[in-house]
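Letter by letter, the sequence shown follows residues 1 to 457 in the UniProt record's numbering.
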Amino acid sequence: MSQFLLLGYGRQPPFYNWLQYGVIHLIGPSVLALTLLKNSLLFLSCVFIGLAVRQVSDRKDVVAAAMLGVLALPAVSVLSQRDLSHAVALLFCVSLFLYGFIGALKQPTLWRYALTGFAIGIGVISKYNFVVVPIAAILTILPDPDLRRRLFDRRLIATILVAGLICMPHALWFLNNIDATTTDTIDEMRDGPSGNFIADRLEGLISLVTSAVEGALPLIIFMAIAFGREIWAGRRAGTVWTRAIGRMFLLCLLIVGLISFVMGATKISQKWLSPFLLLLPVYLCLKIEAAGGFDRHPHAVAVLAVPTSILMFGFLLYLTAGNLLGPLHGKYQKDSFPSVPFVRQVLAEADTPLDFIVADGMTLAAAARVNAPQAGVAQPGFARSRTFISPQNRGLVIWNSANGPDLPPALGEFLRSNGIDTAALITKTMAVAYPFSGGRDTEQFNYAWTADPSGQN
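Structure follows, in structure tokens:
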């Protein structure tokens, strides 16, 4: 959990890790620190979408509807609460970019061009698929003479300079670590390829369309509930801004489709499309406004808030119910894994603080970081963390017992390469009950001290 400030973290760019590093060093490693960062970014995403719409609409209800529309996206209300981390930072960056981009087009000033460059810079170092957004934005304004001239404004130099200065350090790191940053992502997108050129690419395009529909459908349904036929009647109404946002949204999907075709991707997840779907509530709200839908439905925002709230809070209740009721049927959510109770029980055996902990896997490493913030946490596969390990200091090694009590090969090699005599380790096994299981279901863990925790030999 953010023990280092690095230019890159494996397959992920560094921006979210940097933010997490700052929050954790302010309030300490905890679930609160993780939750605070994620939900703050989601809140700011809604705020900047609202500010973006405010620049092209004088109606407060249009702004409010667009912000509620963001919350109606499953990527925000569902996926972000369950799985997403770096992609949450990406949502924020897209909303900030849209605010700066629309502002630079409507009221061009140096600071708006610079802000757009700032959003591009942090967007690129949040997730690499962000680059689709500014490319689509440039292509969007080319057909419109009034908007196109903003592209050739000398203040665009500020955009390029700011974005370049932010991206350059990570770009240099990326070029030196290109295999580590791209291999896993490409493998994930090529999920079970058949080897047939046409079949694989067709499967990828179908996956793209399916994910786009799944990601947009709740928003469209909720908008239809609030505005009725206005969502369809407004198809012929429009402004320069509805045309621009609509083109930008379609271009994003088209570019993703081209990338997936070239790469031979068979799977495009909704998570991958989440930043582009953020444009949809803006487009729909401006489209309905252009058709006069907000005038004919003065209470539409209040109506829209109802299903959106049900989706948001309903999913949180679902997660809570899954953790509380699932154990009654022997079913457990991934956050029910008893790694935290295990680490707490092991640490209770030590009468003095540890210097380091070596954990096999991210889940155990996170539990160790939360429960022993004074100790450095190392893990195989993260070479930088080896700096915490010292054979002369007191340490703890922890791993899951899924494959028995023996040290996993990668963990054993990692320890030996850092001066730990694995033959001298005395392995202990601990069975820890799953939360709310009444002790019926347990998980087996192993641990070993690199020195006696009580100071006795």
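C-beta atoms are modelled at their ideal positions from N, C-alpha and C, and glycine is treated no differently.
Cα separation between residue i and residue j?
| i | j | result |
| --- | --- | --- |
| residue 470 | Ala423 | Residue 470 is absent from the model: the chain starts at 1 and stops at 457. |
| Trp399 | Leu105 | 55 Å |
| Ile225 | Ser211 | 22 Å |
| Ala75 | Ile268 | 14 Å |
| Ser80 | Phe356 | 32 Å |
| Ala300 | Phe101 | 28 Å |
| Asp351 | Arg394 | 11 Å |
| Gly215 | Arg369 | 34 Å |
| Ala348 | Tyr318 | 34 Å |
| Pro275 | Ala137 | 13 Å |
| Thr442 | Leu32 | 26 Å |
| Leu278 | Thr183 | 27 Å |
| Gly439 | Phe445 | 15 Å |
| Gly204 | Gln107 | 40 Å |
| Gly383 | Ile389 | A quick correction: the sequence has Ala, not Gly, at residue 383. For Ala383 and Ile389, the distance between alpha carbons rounds to 11 Å. |
| Asp335 | Ala402 | 17 Å |
| Ala87 | Trp449 | 37 Å |
| Phe414 | Val132 | 39 Å |
| Phe315 | Arg201 | 33 Å |
| Arg247 | Met263 | 24 Å |
| Pro134 | Leu110 | 18 Å |
| Ile178 | Leu34 | 28 Å |
| Lys428 | Ala451 | 14 Å |
| Asp58 | Arg296 | 17 Å |
| Phe227 | Pro298 | 10 Å |
| Leu328 | Val432 | 17 Å |
Let me check understanding here. Comparing Cα to Cα, which of the options lies closest to residue i?
| i | options | result |
| --- | --- | --- |
| Pro281 | Thr308, Leu316, Lys271 | Thr308 |
| Thr266 | Tyr113, Gly100, Gly195, Thr352 | Gly195 |
| residue 500 | Asn371, Pro29, Val358, Pro405 | Given a span of 1 to 457 for the chain in the structure shown, any question on residue 500 remains unanswerable. |
| Ala65 | Ile220, Thr181, Val346, Ile141 | Ile220 |
| Ile426 | Val432, Asp406, Val133, Phe414 | Asp406 |
| Met67 | Val209, Cys252, Tyr283, Val31 | Tyr283 |
| Trp232 | Ala290, Arg384, Gly381, Asp184 | Ala290 |
| Val340 | Pro327, Leu328, Asn371, Gly330 | Asn371 |
| Phe313 | Thr35, Ser77, Asp61 | Ser77 |
| Asn418 | Ser437, Val432, Ala378 | Ala378 |
| Pro218 | Ile120, Asp61, Thr363, Leu311 | Leu311 |
| Lys38 | Arg82, Lys60, Ala433 | Arg82 |
| Arg229 | Phe294, Phe152, Ile198, Phe197 | Phe294 |
| Ser385 | Asp153, Asp191, Met362 | Met362 |
| Ile420 | Pro391, Ile206, Ser437, Ala433 | Pro391 |
| His25 | Leu208, Leu175, Gln3 | Gln3 |
| Gly28 | Arg235, Arg149, Ile206, Ala366 | Ala366 |
Leaving out five residues on either side along the sequence, give the residues of the same chain with a beta carbon under 7 Å from the beta carbon of residue i.
| i | result |
| --- | --- |
| Leu5 | Trp18, Tyr21 |
| Pro14 | Leu6, Leu7, Gly8, Ile125, His170 |
| Thr116 | Phe97, Gly100, Phe101, Ala104, Thr159 |
| Thr185 | Arg11 |
| Phe222 | Ala72, Leu304, Pro307, Thr308 |
| Ile122 | Phe15, Cys93, Ile166 |
| Ala237 | Lys287, Ala290, Ala291 |
| Ile259 | none |
| Leu156 | Tyr113 |
| Phe249 | Phe276, Leu279, Leu280, Tyr283 |
| Leu36 | Val23 |
| Asp153 | Pro108 |
Among the residues of its own chain, which have a CB less than 6 Å from the CB of residue i, if the five just before and after it don't count?
| i | result |
| --- | --- |
| Leu147 | Leu105, Ile141 |
| Leu51 | Tyr99 |
| Gln374 | Pro353 |
| Ala302 | none |
| Phe261 | Arg201 |
| Ser437 | Pro327 |
Once the 5 residues before and after residue i are set aside, which same chain residues still bring their CB inside 8 Å of it?
| i | result |
| --- | --- |
| Phe48 | Phe92, Ser95, Leu96, Leu98, Tyr99 |
| Leu411 | Val358, Asp360, Pro380, Val397, Trp399 |
| Leu129 | The sequence shown places Asn at residue 129, rather than the Leu named in the question. Correct list, in chain order: Leu90, Val256, Trp272, Pro275. |
| Met430 | Phe342, Gln345, Val346, Gln444, Phe445, Asn446, Tyr447 |
| Asp144 | Val240, Arg243, Ala244 |
| Gln333 | Leu319, Gly322, Asn323, Gly326 |
Quick one: is the Cβ of residue i within less than 8 Å of any heavy atom of the ligand MN?
| i | result |
| --- | --- |
| Arg236 | You won't find the ligand MN in this model; it holds no ligand whatsoever. |
Give the C-beta separation of residue i and residue j to the nearest angstrom, bearing in mind that I take them to be a contact with Cβ-Cβ under 8 Å.
| i | j | result |
| --- | --- | --- |
| residue 464 | Pro338 | This structure leaves residue 464 out entirely; the chain is present only between 1 and 457. |
| Val62 | Cys285 | 5 Å |
| Ser30 | Val70 | Actually they do not touch by this definition, with Cβ atoms about 27 Å apart. |
| Ile120 | Ala180 | Ile120 to Ala180, Cβ: 24 Å. No contact. |
| Leu139 | Leu253 | Not a contact, Cβ separation roughly 13 Å. |
Report task. Could you pull out every unbroken alpha helix (DSSP H) segment of at least 4 residues lying fully inside the stretch 237-307, listed in chain order? Result -> 240-263, 270-277, 279-290, 293-296
Query raised in the report: Which runs of the alpha helix (DSSP H) spanning at least 4 residues fall entirely within the stretch 318-383, listed in chain order?
Result: 339-347, 362-371
Report task. Any chance you could list the alpha helix (DSSP H) runs of at least 4 consecutive residues sitting entirely within the stretch 106-190, in chain order? Result -> 110-124, 132-141, 145-151, 156-176, 178-189
**Report entry** Whole runs of the alpha helix (DSSP H) within the stretch 395-432, excluding any shorter than 4 residues
**Finding:** Inside the stretch 395-432, DSSP marks whole alpha helix (DSSP H) runs of 4 or more residues at positions 409-417, from first to last along the chain.
**Report entry** Those runs of the alpha helix (DSSP H) which lie wholly inside the stretch 25-112 and span at least 4 residues
**Finding:** 31-54, 60-71, 86-106
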